[in-house]
Amino acid sequence: MVKNAILYAMILIISSMATIACGDDDSTEKAYVRLQNDFDNPDLPNPPWTICKAYYNGTFFDKVDIGETGEEFEVEAGLGYVYMILAWDDPDCNPEHCLPVASRNEEEVVPGQSRTIVLNVPNHQGPCPPQGVEPIPEDLYNQILELWPEYEFEPYENRTQNPQCRD
Amino acid sequence: MNPTLIILLLALLTEGAFPDSGTKPETRPGPDAPPSNTEKQSKKPGSKEKSSLSKSKNKPVKESSKKAGGKEKSSTPYETRSSAESKTSGDGRARQNKKSAPPEDVESDPPEDAESAPSIQETVVTARPSPGKDHTAAVTSVKGSNIRRSTRTSTIEALSQESAGIYVPGRGVGFHGVAGGASGAIHIRGLGGSPNSQVLVVENGVPDAQGIFGHPIPDAYVPFLIDEVRVVMGGDSVLYGSNAVGGVIIIRDRWRTTRGWELNNETAFGSYNTIKETVSFLGRWKSFDLAAAFHARKSDGHRDGAGGANKVANLTVRWRINPKLNLTLRNKAIHLSGTDPGPITHPNDDHWYDVLRDNFYLKLDWDKEWFQLHVVSFANIGIHRLYDGFFSLDTTAGGFGEWKVKVLDNLRFLLGVGTEWLNGHVENRIQNEVFPVETFGNVSSYGQIDYRPHSSVHLVAGGRLMYNTKFGGVIMAKAGATWEPWRGFFLRSRFTRNFRQPTLRELYLPFPTANPDLQPEISHNWDFSVTWEHKKLKLSATTYYSSVKNLIKYFGAWPSAEVVNIDKVEVFGVEGLAQLKNLGPLGFKITGNWQDVGRYTKQNPDAKINFQMDARHRHKNHSFLGTVSGEWVHGLYMNNYKRDPLPNVFFIDMSLRYRYRYASGSSLEPYIVLRNILDNRYAYIEGYLMPGFNIMAGIKTTL
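Here the protein sequences come in this chain order: A and B.
My numbering runs 31 ahead of the 1-based position in the first sequence.
My numbering runs 127 ahead of the 1-based position in the second sequence.
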């Protein structure tokens, strides 16, 4: 009798604990992200890049001018690069001034997080001949070409032949 | 070299009694739980310790009497164990203890010469659970002698060998190092890691951590004086405070329990010009006890830059003011130096580190029939220097008082108050830059109720209220139960709510960024175990779930990195243990762990298995011991989200020991340790290949 009572009590305790432990799952896998154009950071070199278009974790972002922070967008939580079309010294983003660029860091957001991802000299990599900037890997470059085929960028093998690189 | 053949050969050559591996059950039952068969056989034992000190020390251990080790149905649950213990007073050691040593220390290890005797059954001398501790916690208990005999190159790696729920990566021949490129991150059931601030190390009752980075230094623990290490799986911030999130590693040093002295020396030399020298001295005179030890280890390392040198010295003095009251003073000094060799693809030139630390405590223990009082004051100071100009001076100081009282025969309370203060100074001596750090501290009160409504049931509940000068109040709680419905069959479950306070680095230091507004991490841990223990077989299975909220996490990189309280870690896993014992000269133990750690896969493997096989033989004054042990780690990644996978880790180690004991009680014990006998190429950390086949040989002398 006593053992049965203890057994039931034990089951109750364990099931309660299990409920407590398992019942607090995330209801969302979404996060909220802004992009900051930090290419005017006073502590760093200032290449005049305007962020014309961007894509991060399933969401397209709007244009972000130099020194500005864009609107907040809902994205899928997780890890990924920021893919961008940047325009050199052209706030109007004319295609002949644009290049495919990705963030240097694989950026992360976790469910429910609101985060501003900062893009600046240390956090970008592009196709032009290295000038202290990491060359963009082929898979990232091709991803940008798939996202924005209308820009008709050169294939990866000829990435340095893009118009902006030749300027 | 084929280890199976060697073991078979050993088995053929050996005969006689064989003890278990010396590791206590992972699921620790209540204090009056029936001892294992091994314990039953040897719990008469005090005779074991006696044998080591008397002329009869080389005689086989006699069968124990029921009184000493068997399960006794006493009138009250708490009396069961104490009565059993009191009945061991038939031997010399117990009588001696009864006269002069305070009860808390009666369980201290026997003299070194006895504890390391290969043919002596070991689990018997492991202490009973202390009255103030949580008997419902899942505990892996390892004797100090087992750690000293381990084939693994550091104390925390030796703990990892004993339980698959503990994961400790290495990077070489026993030097874990500090700062960049360091190894030795301790994961317990998927929590912890780098830094180790989610795992708390408690040394002789005193929390031990580097004050600025808030984590233990893996190289600081050497087993020269260790009596026992208990790893509390699942954390316990109620009893131990901050950082006891994933688990608590409780190290307890040994004392000599009879009048006289003993001197132990161990000298070893091995591959890569590795030299180890350890000397310890324990004495007991009139009302004073002394434990002193020095350890030095030096190696060139298995590759350029992988060498180092560790020196650890310890001096502890205890004044037995009267049989119930004693005062203990202890100082431990550590000097660690070495280099981070860097990954093999990008080796470093000279990334050196130099660490000097000193730990000090003063403890007063008052032990009466119905209550115990412990008052402790401690300080932990360290100076760290790195090749890049980093210099830090950190201090941790605090104290606590703990009162354990037996209200009824089946009801006990533990009440405590404690405080801890952290401070530090950090600068870069190359760039002449000082990084300001603000002192913060906390005060807390805590309590625990230990209730036994029935001889087979044990219930524990507790709570801690802490106020921190930086982030205010935090409440911790826990509840657990054990039940033994049938003899040898245990059910156990426990729930704990734990916390980790932010470190000074996370709050103030720009490495790469800081956030003074951080709040503590909060964890909820739950586990459930089933254990069945038979004369020759023990089986145990545990399932666990942990969730850490308010996770302190770094995002981005310099110069736009940030550190915030965000996200949570969720870990679900199962552990298992199978142990064969009393099979003539052989013993075998295997532990396994599988876990799902979600996206936090960085150095947090999916599965791990540890195994060990022993063969022992004893003939007159001669003893032989052979062990084969190994580890397999699967699902290891260098980064979160299962990125950068590493090949499975697998290696087998082996050791052979011979011991000759003189009639005077002195002994000589030459040994050889063969590591990675299959010469496997493996790495826990990408680019830090572990050594291939290597050897260490030494001799241990006991006077």
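Beta carbons: idealized from backbone N, C-alpha and C, even for Gly.
Assigned with DSSP and collapsed to three states, A:L176 falls in helix. By the criterion of a C-beta distance shorter than 7 Å, B:G525 is surrounded in its chain by F505, G545, T546, E547 and W548, once the five residues flanking it on both sides are discounted. 7 Å or more divides the Cβ of B:P350 from the Cβ of B:I812. For B:L513, the closest alpha carbon among the candidates B:G590, B:Y480, B:K459 and B:L678 is that of B:Y480.
If you draw a 10 Å sphere on the C-beta of B:H422, you find 16 or more other C-beta atoms in it, and that means buried. Apart from the 5 residues on each side of it in sequence, B:T728 sits with its Cβ closer than 6 Å to the Cβ of Y764, N767 and K769 in its chain, given in chain order. When Cβ-Cβ separations below 7 Å define contact, B:I736 makes no contact with chain A. Cβ contact annotation for B:T263 (same chain, cutoff 7 Å, sequence separation greater than five): H585, V587, G607, A608, T609, R619 and R621, in chain order. Shortest Cα-Cα distance from B:V561 to any of B:F567, B:S426 and B:F517 involves B:F517. Measuring C-alpha to C-alpha distances from B:P468 to each of B:R298, B:V439, B:W412 and B:S268 identifies B:R298 as the nearest.
Bounds of the beta strand (DSSP E) holding B:S519 are F517 to L535. Under the 7 Å criterion on CB atoms, A:L117 is classed as non-interfacial with respect to chain B. Here the C-alpha atom of B:H552 lies approximately 19 Å from the C-alpha atom of B:T596.
Proximity of chain B to A:L110 at the Cβ level (cut-off 7 Å) is accounted for by Y768, in chain order. In the structure shown, B:Y764 falls within a strand segment according to DSSP collapsed to helix, strand and coil.
Flagged as an interface residue toward chain A: B:D694, by a C-beta distance shorter than 7 Å.
Below the 9 Å Cβ cutoff, chain B contributes A684, W685, P686 and S687 as neighbours of A:P153, in chain order. A:V141 belongs to the set of residues whose beta carbon lies under 7 Å from a beta carbon in chain B. Taking C-beta atoms as the reference points, B:L417 and B:V444 count as a pair closer than 7 Å. The alpha-carbon of A:L178 is positioned some 52 Å away from that of B:V359. Sequence-distant partners of B:E697 (beyond 5 residues in either direction) whose C-beta falls short of 6 Å from its own C-beta, in its chain, are S674 and G725.
At least one beta carbon of chain B lies nearer than 7 Å to the beta carbon of A:Q144. For the options A:P166, A:I97 and A:E105, the alpha carbon positioned closest to that of A:C83 is the one of A:I97. The stretch 163-170 of chain A makes no contact with the stretch 715-722 of chain B, as fewer than three CB pairs between them are under 8 Å. A:H128 carries a helical assignment under DSSP once its states are collapsed to helix, strand and coil. Here the alpha carbons of A:S134 and B:L713 stand approximately 59 Å from one another. With at least 16 other beta carbons inside 10 angstroms of its own, B:K716 counts as buried.
If you look at B:R621, you'll find it in the beta strand (DSSP E) that goes F616 to R627. The C-beta of A:N136 comes closer than 7 Å to at least one C-beta of chain B. Of B:K459, B:N475 and B:L456, the smallest CA-CA separation from B:G465 is found for B:N475.
B:G387 counts as exposed, since fewer than 16 other beta carbons sit within 10 angstroms of its beta carbon. CA-to-CA, the gap between B:N642 and B:R632 works out to about 9 Å. Spanning the alpha carbons of B:V570 and B:F626 requires a straight line of approximately 14 Å.
A:Y114 is the residue among A:E185, A:Q144, A:F184 and A:Y114 whose C-alpha sits nearest the C-alpha of A:Q156.
DSSP places B:F638 in the coil class of the three-state scheme, outside both helix and strand. Interface flag for A:V95 against chain B is unset, since no Cβ pair is found closer than 7 Å.
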